[in-house]
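The next block holds one structure in the form of structure tokens; read it before the comments.
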Amino acid sequence: MAEMLLNPRVLKKLQEEVDCVVGKGRMVEMADLPKLKYAKAVVKETLRKHPAAPLLVPHLSMEDCELQVELSCGNKRSYHIPSGTRVLVNAWAISNDPVRWEDPDRFVPERFMRPGLEEEVDVRGQHFELIPFGSGRRICPGMHWACWSSHWLALPIASSGRSPRAEWMPIESI
Ligand code: HEM
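Convert by adding 57 to the 1-based position in the sequence shown; the result is the number in our numbering.
Next comes the structure, spelled out in structure tokens:
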């Protein structure tokens, strides 16, 4: 919500999409969601820039493993992680890494609409540059519910006039 109020351009674009897909006379419904592509990109960009669990939850390695990491300079570095190590995954640093993401400090939902790799990146644990719900066997089981309810948080802002709660509008400057 804060990002949209701080980025009037994004809010306006979201409002235009809602007006175009839903029209002015009714509230957003479940069946509208697949057509709200920009809203989906806004939710993804929010989870990228502000992952709710920046360090996921602590994990414990069950067996020895070797991890090979390619550094931005092209060199490779190996890490030996012994069994029983407490592992914290810094999901925030990954999704805000300037090597992977262009202008990571900016809130730009359009990055998820560019044809090519970024358009395909999603939050379901298959693309390791964006893992707000973790990945693998312990991935968040509430992921789909969480994504769905995030739309319901974002869309009333975009549908001001339809929202019974508030008339949302961008702030000129803070
Ligand atoms: C935006 C909302 C949410 C975010 C960002 C989030 C994120 C996460 C993350 C990062 C983990 C740890 C994954 C890992 O270990 O790698 C997790 C675990 C979990 N989440 Fe969520 N979650 C959200 C909403 C929900 C909801 C709505 C539910 C339930 C309805 C839920 C239930 C759980 C449970 C039960 C686990 C533990 C899974 C396990 O350890 O096997 N989460 N969540």
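Beta carbons are placed, not taken as given, at the ideal position from N, Cα and C, and that holds for glycine.
Since this is a predicted model, take the numbers as computed values, not measurements.
(message) On the CB-based measure, 16 or more other CB atoms within 10 Å of its CB, does L93 come out buried or exposed?
(response) Taking the first residue of the sequence shown as 1, we reach residue 93 at position 36. Under this definition L93 is a buried residue.
(message) What does the Cβ neighbour count give for L145, buried or exposed, with the cut at 16 atoms within 10 Å?
(response) Looking up residue 145 in the sequence shown gives position 88. Flag for L145 reads exposed.
(message) Any heavy atom of the ligand HEM closer than 8 angstroms to the beta-carbon of G141?
(response) Along the sequence shown, one-based indexing puts residue 141 at 84. No, Cβ of G141 sits at least 8 angstroms from all heavy atoms of the ligand HEM.
(message) Taking a contact to mean a Cβ-Cβ separation below 9 angstroms, would you say L112 touches W158 in this structure?
(response) Counting from one through the sequence shown, the residue named residue 112 turns up at place 55. Counting from one through the sequence shown, the residue named residue 158 turns up at place 101. Their beta carbons are not under 9 angstroms apart, which means L112 does not touch W158 by this criterion.
(message) Is any non-hydrogen atom of the ligand HEM found closer than 8 angstroms to the C-beta of G191, if you look at the structure I gave you?
(response) By one-based count along the sequence shown, residue 191 stands at place 134. Result yes, Cβ under 8 angstroms from the ligand HEM.
(message) Please state the DSSP three-state secondary structure of C77.
(response) Counting from one through the sequence shown, the residue named residue 77 turns up at place 20. Helix.
(message) Assuming V99 is part of the alpha helix (DSSP H), what are its boundary residues?
(response) Indexing the sequence shown from 1 puts residue 99 at position 42. Its alpha helix (DSSP H) spans residues 94-106.
(message) According to DSSP, simplified to helix, strand and coil, what is P221?
(response) Within the sequence shown, numbered from 1, the residue matching residue 221 stands at position 164. Because the pLDDT of P221 is 45, which lies under 50, any placement of that residue in the model is unreliable, and the question is left without a value.
(message) Tell me which residues share the same chain as V165 and place their Cβ nearer than 7 angstroms to its Cβ, disregarding the 5 neighbours each side in the sequence.
(response) On the sequence shown, residue 165 is found 108 positions in, with the first residue counted as 1. Only E102 meet the Cβ criterion.
(message) To the nearest angstrom, how far is the alpha carbon of W205 from that of G82?
(response) What you label residue 205 is simply residue 148 of the sequence shown in a count that begins at 1. What you label residue 82 is simply residue 25 of the sequence shown in a count that begins at 1. Answer to the nearest angstrom: the Cα atoms are 22 angstroms apart.
(message) I need the DSSP call for S129, collapsed to helix, strand or coil.
(response) As a position in the sequence shown, residue 129 is number 72, starting the count at 1. Note: S129 maps to coil in three-state DSSP.
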